[in-house]
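K.L.:
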Amino acid sequence: MSIIFGAQDATVDYSVDGWGHLPALGPVSFQIEAGQFVCLVGPSGCGKSTLVRLLAGLQAPSAGLVTINNEPITQPSVQVGLMSQEANLMPWRSVIENIALPLELAGMSSSERGHAVNSILPRLGLEEFGNAFPGELSGGMAQRVALGRVLVASPDALLLDEPFGALDAMTRERMGMDLLALWTDLRPTVLMVTHSISEAVLLADRVLILSPRPGRIIADLHIDLLRPRQLSDTHSLRFGELARQVRERIQQS
Amino acid sequence: MAQEKPLTSAISYTVAKPVPSWHLGLVLRRFVPWITVLVVLIVWQAITMLQLIQPFLIPAPGDVLNEAILVLQNGTLWVHIQATMGPVFAGLGVGISLAVALGYCIARFPLLEDILSPLIIALQSTPVVAYAPLLVIWFGSGPNSKIITSALIVFFPMLLNTVAGLRNVPPGLRDLMRSLRATPWQTFTRLEVPAAMPVLMSGLKISATLAVIGAVVGEFISANAGLGFLINLARSQYDTPLVFVAVLTLTVLARLLYSLAAWLEYRALYWQRHGRYLPK
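If you want it as structure tokens, here you go:
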């Protein structure tokens, strides 16, 4: 099943005691087509993470509507994989057990889980680290485990909240390209929050730009770079032009 | 910054090489605690041999040993050990299970904390020794009052640790479980229990020694058996060697119980022990 994300005038206000209302997001309206790779950029504190939480079903909008396939989101969906800046691994579980968690919660038998995890480990470059514990992993490897935990459930959509935000530049580039390869194979719908303009332009079909808090969509840029894309594309003229456009829109806001 | 670093710090870096485990210093360090024990015994023996203190105040180590052998052989010590340790284990079991159950409810429903806090604070602030006589009046001088004093003294540290442990579950992991549609039971067994385990285990170590204190307090007030009872009895007869035997037995038992708790902690927190993982 494919997944289409939608939002109609979705708004989030936080009520702060003795302060009144603090508008955090929106209203925002958009639609993300099935299989599309969309990046969301904007100044910090503009509500990007809040928007991800809405689509993940972890939080309800104060007003307006968020939808999956035109149905209002009322709770998290197992078809939507969520990954954030923190790997959020369980330190008491080995790499294999962490990746298998979604299958375990879904009631899959332990032999089937083992099979599913072992087939995914090589793709993540983790085949030698299956029995390691999270405390022994580098930041990049921990993020790979988190990505494995998302992919093992074969989700139809990925919500990625700055997934590589805490990584060094080199690891970040490699992880981005790995993600792109996975997306090319499996074609999930992707909404990815990022701070990096070049990451957004390199990976996405579309870049949504949010204004400062409360975040509103101020630009929706189509990225017409050819696929498959490579790191060397970042040196192309067209790439530079698109990155400049994104930067200008952010600065105008 | 780097260039301004004084030369001495560079030297200390080169000195801090990994030390092989057979290194003489490390071997010595393992024996140091036993040397302390030996020195204490020698000083004790010297004091009694030089008759610096009256023997009925501090008996000679040999007299204490003879007394210990005597009560071990005629079986009295064993009877009193059982009379104390039975209630200690029962008190630990009752105190810990009630504290963990109530702690879970409090962590889950903060309103419960507001409702119960006057009672909890009052009971926690009052020394158990102070109201132990009441417990003896209510529950008799048998094992029940000992179990209850022991359970009460264990209850509060365990309750606080349970609440702290459950409140320290990382919010990111809670979101993860929600996004994976985990049931409340799955969240409890796969997230809350293991996440709270380090704090629960340090609570268990504290409780292990407190439980012995609780039982002995109960025995001091009124009892017809147990090591606390034995101490009272021997004291009334000025049988100081027997007092020493009973006290040292309590020392050993409490220490063994603590070691048992520490071993359980070691087993439960296996994941904290892993160093750097080396692929085969």
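Listed in order, the protein sequences are those of chains A and B.
Counting from 1, position 63 in the first sequence corresponds to residue 63 in my numbering; the numbering is continuous, with no gaps.
Counting from 1, position 200 in the second sequence corresponds to residue 1200 in my numbering; the numbering is continuous, with no gaps.
Even glycine gets a Cβ: it sits at the ideal position worked out from N, Cα and C.
Predicted model only: the values in this text are computed from it and were never measured.
#1: Under the three-state reduction of DSSP, which class applies to A/GLU71: helix, strand or coil?
#2: Could you run through the segment 1150-1175 of chain B and flag, in chain order, every residue whose CB is less than 9 Å away from some CB of chain A?
#3: Output the residue ranges of the beta strand (DSSP E) runs that lie fully inside the segment 121-184 of chain A and measure 3 residues or longer, sorted by chain position.
#4: By how many angstroms is the C-alpha of B/GLY1214 removed from the C-alpha of A/ARG53?
#5: With 16 as the cutoff for other CB atoms within 10 Å, does B/PRO1118 come out buried or exposed?
#6: Of the residues B/THR1084, B/LYS1146, B/ALA1182, which one's Cα is nearest the Cα of B/LEU1134?
#7: Below 7 Å, is the gap between the Cβ of B/GLY1203 and the nearest heavy atom of the ligand NAD?
#8: Given a cut-off of 8 Å, decide if A/PRO27 and A/THR50 are closer than it, judged by their beta-carbon atoms.
#9: By DSSP, does B/VAL1169 sit in helix, in strand, or in coil?
#10: Which same chain residues end up closer than 7 Å to B/VAL1129 when comparing Cβ atoms and leaving out the 5 residues on each side of it in sequence?
#11: What would DSSP say about B/PRO1059, mapped onto helix, strand or coil?
#12: On the three-state DSSP scale, how would you describe A/ALA254?
#13: I think B/LEU1152 touches B/ALA1208, with their Cβ atoms under 8 Å apart; what is that distance to the nearest whole Å?
#14: Is the Cβ of B/PRO1281 closer than 8 Å to any Cβ of chain A?
#15: Using a threshold of 8 Å, state whether the C-beta atoms of A/LEU159 and A/LEU89 are closer than that.
#16: Is the CB-CB distance between B/TRP1271 and A/TRP92 below 8 Å?
#17: Does the beta carbon of A/PHE133 come closer than 8 Å to any beta carbon on chain B?
#18: Taking 8 Å as the CB-CB limit, is B/ALA1261 close to chain A?
#19: Please report how far the alpha carbon of A/GLY148 lies from the alpha carbon of B/GLN1186, in whole angstroms.
#20: Taking the DSSP output, what are the residues bridged to A/ALA7?
#21: Consult DSSP for A/MET108 and reduce its assignment to one of helix, strand or coil.
#22: Looking only at its own chain, which residues have a Cβ that is under 8 Å from the Cβ of B/ILE1047, when we skip the five neighbours before and after it?
#23: Chain B partners of A/VAL78, CB-CB under 8 Å?
#24: Going by C-alpha to C-alpha distance, which of B/ALA1223, B/ARG1273, B/LEU1200 sits closest to B/LEU1159?
P.N.:
For this structure:
#1: Here A/GLU71 sits in strand by DSSP.
#2: Here the close residues are PRO1170, GLY1172, LEU1173, ASP1175.
#3: Counting only runs of 3 or more residues that sit fully inside the segment 121-184 of chain A, the beta strand (DSSP E) segments are 157-161, in chain order.
#4: Whole-angstrom Cα-Cα distance: 50 Å.
#5: Around the beta carbon of B/PRO1118, fewer than 16 other beta carbons lie within 10 angstroms, which makes this residue exposed.
#6: Looking at the Cα atoms, B/LYS1146 is the closest of the given residues.
#7: Ligands are entirely absent from the displayed structure, and the ligand NAD is therefore not among its contents.
#8: Result no, Cβ atoms of A/THR50 and A/PRO27 do not sit closer than 8 Å.
#9: Here B/VAL1169 sits in coil by DSSP.
#10: The answer, listed in chain order, is VAL1217.
#11: The answer is coil: DSSP assigns B/PRO1059 none of H, G, I, E or B.
#12: Residue numbering for chain A in the displayed model covers 1 to 253; residue 254 of chain A lies beyond these limits and cannot be assessed.
#13: Between the beta-carbon of B/LEU1152 and that of B/ALA1208 there is about 15 Å, and that puts the pair past the 8 Å contact cut.
#14: This structure does not reach residue 1281 of chain B, given that chain B is present from 1001 up to 1280, and the question cannot be answered.
#15: With respect to the 8 Å criterion, A/LEU159 and A/LEU89 are not classified as neighbours on the basis of their beta carbons.
#16: In this structure, B/TRP1271 lies near A/TRP92, with their beta-carbon atoms less than 8 Å apart.
#17: When Cβ-Cβ separations below 8 Å define contact, A/PHE133 makes contact with chain B.
#18: Not one chain A Cβ lies under 8 Å of B/ALA1261.
#19: Using only the alpha carbons, I get a separation of about 21 Å.
#20: As computed with DSSP, A/ALA7 is found in a beta bridge with A/PHE30, A/VAL66.
#21: In the structure shown, A/MET108 sits in coil (DSSP, three-state: anything other than H, G, I, E or B).
#22: Within the same chain, Cβ atoms closer than 8 Å to the Cβ of B/ILE1047 are found at ILE1053, ILE1058, the five residues on either side in sequence being excluded.
#23: Those are LEU1180, ARG1181, listed as they occur along chain B.
#24: When only C-alpha atoms are compared, the closest one is B/LEU1200.
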